[in-house]
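**Q**
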Amino acid sequence: MLSIELLLEALVFGALVGCFYAAVSIGLSIAFGLLDVPHIAHAAFLVLAAYMTYLLGTYGFDPLVAALLILVPFFFLGAIVYRFYYEAFEKRGADTGVRGIAFFFGVAFMVQVFLSMTFGLDQRNVSAPYIGTSLGIGEMRIPWRLIVALCVAVGLTVGLRLYLLRTFQGRAIRAVAHDAWALRIIGADPVRTKQWAFGIATAATAIGGALLAIISPVEPSLDRVYIGRTFCVVVLAGLGSMSGTLAAGIILGVTESIVLTMFGASWAPAVAFGLLLLVLGIRPQGLFGR
Amino acid sequence: MTSLLQVEDVTKCFFGFTALSNVSLDVAVGERIGLIGPNGSGKTTLINCISGVLKIDTGSILFQGDDISALATYRRAKAGMARTFQIPMPFRSMSVVDNLMIPLEYIVHGLIDMANEGSVYSEAHELLRRVRLADRMNARAGELSQVELRKLELARAIAARPKLLVCDEAMAGLAAKEVSEILDILLELNSTGITIIMVEHIMQAVMRFSQRIVCLSAGRIICDGLPEETMSNPEVRRAYLGN
Amino acid sequence: MKINSIPFWAAAILLPACAYFLPAWGLNEYYLYVGYVVLQYVVLATAWNILGGYAGYVNFGTGAFFGVGAYAALVLFMKFNAPLPVQIAGAAAIGALLGLGAGLLTLRLKGIFFSIATIAAAIIIETFVLNWRYVGGASGMQIIRPAVPLGFETYTRMLLVVMTILAVVSIIVARFIEKSWLGRGLRAVRDAEVAAECSGVPTLKLKLLACAISGALMAAAGAPLPLYSSFIEPHSVFSLNYSVMALAMAVVGGMSSWLGPVLGAILIASSQQFAASASPELHLFIVGALLVFFVIAAPDGLVGLLQRVGRMTARMTGMQNVRPKWRS
């Protein structure tokens, strides 16, 4: 039987982890939710960023500092990948469905194999003053790394949301999601706008990857698990809704946490996928979708 | 005159946005109807509801007296409803004539066995001749020009021997001579008994073609009557030109 | 519906016969192993292509169907001592149901949601099997093979013949679909689904049919696995590698024809077997790179390239195809 303390702990942990899930899903929310790119490789980029964080960690860099260092390279990675995708598929219209999806799947696979070839299959850890210590609140001990993740997650979400709402580039990005033609009329180039947006999405993913390295040990197979979690968050939030991402992340986090507490760790990876299938079956437009 | 299509009090919403609001329309057999309205007024939504691509929220749609509101799209096609698309959607990887084999096979003849191939093939050829596309019979659909694509859309639509044909901006983006060509084809099709609803922005074409003009604005029908009446209706002018 | 091609049917009968007689002429056991694996991938890639190439719905969960087939066969063997043909039939039935289920859940949505759902199904099924103690859970299950049936000398030889037959069956199915009303309908769905629906094609039914057939064949390919390796364990059987391989083989070979997956499978699977000793991971990476390369630069695959070469040669040597082919 589930005691109140256990349940409460599960809820708190779940909510904290959920904010982390929201943070790592924001990039996908932009790339897939707004730009309609079948970005199956998102989770792979996330894990790549986590490994880069680990690598920089071996040179003495704090994970959060590492996040700032890889921000710009990942932005360019995103811009280049999108440009490639656009030139090879989106521009040619029609038959791109299968090929676009297959392209990203291939890229994701290549990244995963590359990582396991380079770093091996063992788990890798980063270290920082806030990893391994926890804060006591009442009866509970909350790991500091979760709190750090929460702060970064909220900051990232709020920051991106403000960017999309207040700046010209941000509004252009939201506009291109709705109507590329209208964008052309006001003089903005839809392709460059999308490229910029994809770059930002990948940069956000870079930060997410650093958080991932902070929160848990890193191994190549994380890719598969996080495909489930990130797509679950994005679909549950509703395509095109950035603000829903936080709520969706928390729902996923709490659900996983409760399942973990009641049924054990081996069922946890299936929760995100199960929730995803549930949403797709019952309410495909998610909570706040357009 | 017998009624072919009855749209009764149809409403369609998308997550809080009302695309169609209490729309009612009666189409008699053999009629030529023009459907006009500014962009975003709900014309394509109405067509999608009639053909079954979208499910209506309230109201009903009757075809030849039967309620088809819940009927799947392909069944409506089999019942005699055909449509063309605002942006042509040919089967790009197939040849022009193979594009026609799809409705011929799935609606008219049932699953074709090898023996009948020849006669169905000549039927397809005849259809292409009617839309003046016979010379491009074996070309890949993805390689056609704009006006050829629109002719192919029409050919594919009428291959199923429909009773009702709905054309969604079949002449958009065409030159005057090409518009005339398509118009002639449509008039000729109507003379063989096909009821046609034409959604169009090109006013001369609408005026020349329609026996009756229906005007949509912001999801509502604001006028439904003879061409001269509708075009001189002040509300219609306001809808197009603004206040 | 006649498939009137003599060379095709001749090969269909000859191949299993070869598989039966060749080993007796002294072929090294190692090549029998390689043959089994290659033919297994022929089935997987061909099955994948029925839904992916013909209909345009990309299945990332090939590993799930393959795994389900293997475990279905295992359970049938453990519980009912079922002979191999029954195991295969049972696995195929379950694969078909699984395909149907996945289809019903997601085929009303955009293509990418179907693809994600297939990954989801794969992971969920794998998680179930990991927690299922009856079949050994995460540590897997050892199988004690019954005696080899009459007419065969070793298990490897028998399973090679079985897999050859499965490969031939899957090719026959794919070729039939491709040239039939079903294939034409699926192609219409792939090219312009809404237009197909408005032209009288029952798109959902056709997609579900393709899902079921594809799933059945994939599961059938997994059914002989318990007997083949005497040991079965979830992580290797449900591996994502099967999904990538099947997809890559179809893309590299060519998605519009039954021949494509066959070529792709033979090429990639045999190179994998010969690279296995050196660096299996590098081989996987190359497969991924090939997939990306072909999807961008040669979307019609090897078959497409061969066709283009054929057309160029015909033009150069002055031979023109006079009879208008109305079958694309």
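Residue numbers (the numbering used here), protein chains in the order written: chain A, 21 to 310; chain B, 100 to 342; chain C, -3 to 324. All C-beta atoms in this analysis are idealised placements derived from N, C-alpha and C, irrespective of residue type, glycine included.
Name the chain C residues that come within less than 9 Å of VAL278 (chain B), Cβ to Cβ?
**A** What you label residue 278 (chain B) is simply residue 179 of the second sequence in a count that begins at 1. By Cβ distance, chain C contributes nothing, its closest Cβ being about 23 Å from VAL278 (chain B), past 9 Å.
**Q** Among the residues of its own chain, which have a CB less than 7 Å from the CB of PRO137 (chain B), if the five just before and after it don't count?
**A** As a first step, residue 137 (chain B) must be located in the second sequence, where it is residue number 38. Cβ within range, chain order: SER316, ALA338, TYR339.
**Q** Could you pull out every unbroken alpha helix (DSSP H) segment of at least 4 residues lying fully inside the segment 249 to 326 of chain B, listed in chain order?
**A** Those alpha helix (DSSP H) runs which fall completely within the segment 249 to 326 of chain B and span 4+ residues are 275 to 290, 302 to 308.
**Q** Just how far apart, CA to CA, sit MET159 (chain C) and ARG153 (chain C)?
**A** Reading the third sequence from its first residue, position 163 is the one you call residue 159 (chain C). Reading the third sequence from its first residue, position 157 is the one you call residue 153 (chain C). Using only the alpha carbons, I get a separation of about 10 Å.
**Q** Check VAL131 (chain A) in the structure and name its three-state DSSP category.
**A** Taking the first residue of the first sequence as position 1, residue 131 (chain A) is located at position 111. Reduced to three states, the DSSP call for VAL131 (chain A) is helix.
**Q** Less than 8 Å between CB atoms is the rule here; does LYS177 (chain B) satisfy it with respect to chain C?
**A** If you number the second sequence from 1, residue 177 (chain B) lands on position 78. Yes, because at least one Cβ of chain C sits closer than 8 Å to the Cβ of LYS177 (chain B).
**Q** Assuming ALA69 (chain A) contacts GLY229 (chain A) under a Cβ cut-off of 8 Å, what Cβ separation, rounded to an integer in Å, is found between them?
**A** By one-based count along the first sequence, residue 69 (chain A) stands at place 49. By one-based count along the first sequence, residue 229 (chain A) stands at place 209. Confirmed, Cβ separation roughly 2 Å.
**Q** Is DSSP giving GLN143 (chain A) helix, strand or coil here?
**A** Taking the first sequence and counting its residues from 1, one reaches residue 143 (chain A) at position 123. Three-state result, GLN143 (chain A): coil.
**Q** Using DSSP with H/G/I as helix, E/B as strand and the rest coil, what is PHE4 (chain C)?
**A** Numbered from 1 along the third sequence, position 8 holds the residue referred to as residue 4 (chain C). Helix at PHE4 (chain C).
**Q** Extract the residue ranges of the alpha helix (DSSP H) inside the segment 186 to 238 of chain C, only unbroken runs of 4 or more that lie entirely within it.
**A** Those alpha helix (DSSP H) runs which fall completely within the segment 186 to 238 of chain C and span 4+ residues are 189 to 194, 199 to 218, 221 to 225, 230 to 233.
**Q** Three or more C-beta pairs under 8 Å: does that hold for the segment 78 to 88 of chain C against the segment 186 to 194 of chain C?
**A** Result no; under three Cβ-Cβ pairs closer than 8 Å.
**Q** Please list the residues of the segment 235 to 261 of chain A that have a C-beta atom closer than 7 Å to any C-beta atom in chain C, keeping them in chain order.
**A** The segment 235 to 261 of chain A vs chain C, Cβ under 7 Å: ARG244, ILE247, GLY248, PHE251.
**Q** What are the boundary residues of the alpha helix (DSSP H) that MET262 (chain A) is part of?
**A** The residue you call residue 262 (chain A) lines up with position 242 of the first sequence. Neither: MET262 (chain A) is in no alpha helix (DSSP H) and is coded neither H nor E.
**Q** Which residues mark the beginning and the end of the beta strand (DSSP E) in which THR117 (chain B) is found?
**A** One-based indexing of the second sequence puts residue 117 (chain B) at position 18. Start and end: 116 to 127.
**Q** What residues from the segment 289 to 303 of chain B come within 7 Å of chain C, judged by C-beta to C-beta, listed N to C?
**A** Here the close residues number zero.
**Q** Fully enclosed by the segment 98 to 183 of chain C, which alpha helix (DSSP H) runs are 4 residues long or longer?
**A** Segments of the alpha helix (DSSP H) lying fully in the segment 98 to 183 of chain C: 107 to 126, 151 to 175.
**Q** How is the beta strand (DSSP E) around SER154 (chain A) delimited, first residue to last?
**A** Within the first sequence, residue 154 (chain A) is the residue found at index 134, counting from 1. Note, SER154 (chain A): beta strand (DSSP E), 154 to 157.
**Q** What is the DSSP secondary structure of GLY133 (chain B), reduced to helix, strand or coil?
**A** Reading the second sequence from its first residue, position 34 is the one you call residue 133 (chain B). Strand, per DSSP.
**Q** Which chain A residues sit within Cβ distance under 8 Å of GLU277 (chain C)?
**A** As a working mapping, residue 277 (chain C) is identified with position 281 in the third sequence. Residues of chain A passing the Cβ test: VAL133, SER136, MET137.
**Q** Would you say the segment 233 to 247 of chain C touches the segment 198 to 206 of chain C, given that touching needs at least three Cβ pairs under 8 Å?
**A** Contact between the segment 233 to 247 of chain C and the segment 198 to 206 of chain C is absent, because fewer than three Cβ pairs lie under 8 Å.
**Q** Taking just the CA atoms, how far does ILE321 (chain B) sit from GLU334 (chain B)?
**A** Locating residue 334 (chain B) in the second sequence gives position 235, counting from the first residue. Locating residue 321 (chain B) in the second sequence gives position 222, counting from the first residue. Between GLU334 (chain B) and ILE321 (chain B), the C-alpha separation is close to 7 Å.
**Q** Under a Cβ-count criterion, where at least 16 other Cβ atoms within 10 Å of its own Cβ denotes burial, should ASP166 (chain B) be classed as buried or exposed?
**A** Within the second sequence, numbered from 1, the residue matching residue 166 (chain B) stands at position 67. When all chains shown are included, ASP166 (chain B) counts as exposed.
**Q** For PRO163 (chain A), which beta-bridge partners are listed by DSSP?
**A** In the first sequence, residue 163 (chain A) corresponds to position 143, counting from 1. A:SER154.
**Q** Please compile the residues from chain C whose C-beta is within a distance smaller than 7 Å of the C-beta of THR172 (chain B).
**A** Within the second sequence, the letter at position 73 stands for residue 172 (chain B). Within chain C, the residues near THR172 (chain B) are GLU193, CYS194.
**Q** Thinking ILE299 (chain C) and GLY250 (chain C) are a contact (beta carbons under 8 Å), I'd like their distance in whole angstroms, please.
**A** Residue numbering aside, residue 299 (chain C) sits at position 303 when the third sequence is read from its first letter. Residue numbering aside, residue 250 (chain C) sits at position 254 when the third sequence is read from its first letter. The question names Ile, but residue 299 (chain C) in the sequence shown is Val. Yes, VAL299 (chain C) and GLY250 (chain C) are in contact; Cβ-Cβ is about 3 Å, under 8 Å.
**Q** With DSSP run on the structure shown, which of helix, strand or coil describes GLY314 (chain C)?
**A** Residue mapping note: residue 314 (chain C) aligns to position 318 of the third sequence, counting from 1. Note: GLY314 (chain C) maps to coil in three-state DSSP.
**Q** Compute the Euclidean distance between the alpha carbons of PHE139 (chain A) and TYR74 (chain A), then round it to the nearest angstrom.
**A** Within the first sequence, residue 139 (chain A) is the residue found at index 119, counting from 1. Within the first sequence, residue 74 (chain A) is the residue found at index 54, counting from 1. Each residue's Cα considered, the two are about 10 Å apart.
**Q** So GLY52 (chain C) is in the alpha helix (DSSP H); what residue range does that whole segment cover?
**A** For the purposes of this step, residue 52 (chain C) is identified with residue 56 of the third sequence, where counting begins at 1. GLY52 (chain C) -> no alpha helix (DSSP H), and no H or E assigned at all.
**Q** Buried or exposed: which applies to ILE186 (chain B), given that a residue is buried once 16 or more other Cβ atoms fall within 10 Å of its Cβ?
**A** For the purposes of this step, residue 186 (chain B) is taken as residue 87 along the second sequence, with counting starting at 1. Exposed is the call here.
**Q** Kindly give me the distance between the Cβ atoms of THR281 (chain A) and ALA35 (chain A), rounded to whole angstroms, as I take these residues to be in contact under 8 Å.
**A** As a first step, residue 281 (chain A) is located in the first sequence; it is residue number 261 there, counting from the start. As a first step, residue 35 (chain A) is located in the first sequence; it is residue number 15 there, counting from the start. Not a contact, Cβ separation roughly 14 Å.
**Q** What residues in the segment 95 to 109 of chain C have a beta carbon less than 7 Å from any beta carbon of chain A?
**A** Those would be LEU101, THR102, LEU105, GLY107, ILE108, PHE109, in chain order.
**Q** Taking all protein chains shown into account, decide if ARG323 (chain C) is buried (16 or more other Cβ within 10 angstroms of its Cβ) or exposed.
**A** For the purposes of this step, residue 323 (chain C) is taken as residue 327 along the third sequence, with counting starting at 1. Note that ARG323 (chain C) has pLDDT 41, beneath the 50 cutoff, so the model's placement of it is unreliable and no number is given.
**Q** Would you mind telling me which residues of chain C sit closer than 9 Å to SER23 (chain A), beta carbon to beta carbon, in chain order?
**A** Within the first sequence, numbered from 1, the residue matching residue 23 (chain A) stands at position 3. Those within 9 Å of SER23 (chain A) in chain C number zero; the least Cβ separation is about 24 Å.
**Q** Unbroken alpha helix (DSSP H) runs of length 4 or more, entirely within the segment 79 to 115 of chain A: which are they?
**A** Entirely contained in the segment 79 to 115 of chain A, the alpha helix (DSSP H) runs reaching 4 residues are, in chain order, 83 to 108.
**Q** Between the segment 44 to 60 of chain C and chain A, which residues of the former have a C-beta closer than 7 Å to a C-beta of the latter?
**A** Those would be GLY48, GLY52, VAL54, PHE56, in chain order.
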